[in-house]
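Participant:
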Amino acid sequence: MSTIDTEKVAGVLIGKAVKQLLNTDEAVSFRAVLAILNDKRKQAVSREGIAACDSAIDEIQAMIAKTTNERSRAPVNRKNFLAQWKPGTDDKIH
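Per our numbering: the sequence shown = residues 86 to 179.
(1) Just checking, does the region 138-148 make contact with the region 114-127 on the three C-beta pairs under 8 Å criterion?
(2) Which of the three DSSP states is assigned to Asn123 in this structure?
(3) Could you give the distance in angstroms between the alpha-carbon of Ala120 and the alpha-carbon of Thr88?
(4) Alpha carbon to alpha carbon, how far is Glu133 from Thr91?
(5) When you compare only the Cα positions, how much space is there between Val94 and Leu106?
(6) Identify, in the order they occur along the chain, each residue of the same chain with its Cβ nearer than 8 Å to the Cβ of Arg116, setting aside the five sequence neighbours on each side.
(7) Do you know how far the Cα of Gln146 is from the Cα of Thr109?
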């Protein structure tokens, strides 16, 4: 299975997990989708199925990290910026 096929299947898995949550009383959240995908990965038997589950899990974890990072982002004052800045690394805050 190619990378593109794996990503398509991963998208389908995410969609099915969301639909499954919509049919229950449980709230649709990234963490709930992640729990369903982890269960599906445990049930997967083929290498392609495991790869698709891993891809879907990675995508949801990236979404969780992004939203967590955006919520926890605090205003950066000059002192904090200088403490976090490392010369020679694209001049970005780390």
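Where a beta carbon is used, it is the ideal one built from N, C-alpha and C, also for glycine.
Facilitator: For this structure:
(1) yes
(2) Here residue 123 is taken as the residue at index 38 of the sequence shown, counted from 1. Asn123 falls in the helix class under three-state DSSP.
(3) As a working mapping, residue 120 is identified with position 35 in the sequence shown. As a working mapping, residue 88 is identified with position 3 in the sequence shown. Straight-line Cα distance between these residues: approximately 23 Å.
(4) If you number the sequence shown from 1, residue 133 lands on position 48. If you number the sequence shown from 1, residue 91 lands on position 6. Cα to Cα, the separation comes out at about 7 Å.
(5) Within the sequence shown, the letter at position 9 stands for residue 94. Within the sequence shown, the letter at position 21 stands for residue 106. About 18 Å.
(6) If you number the sequence shown from 1, residue 116 lands on position 31. Within the same chain, Arg116 has close Cβ partners Ile149.
(7) Looking up residue 109 in the sequence shown gives position 24. Looking up residue 146 in the sequence shown gives position 61. Their backbone Cα atoms lie some 22 Å apart in a straight line.
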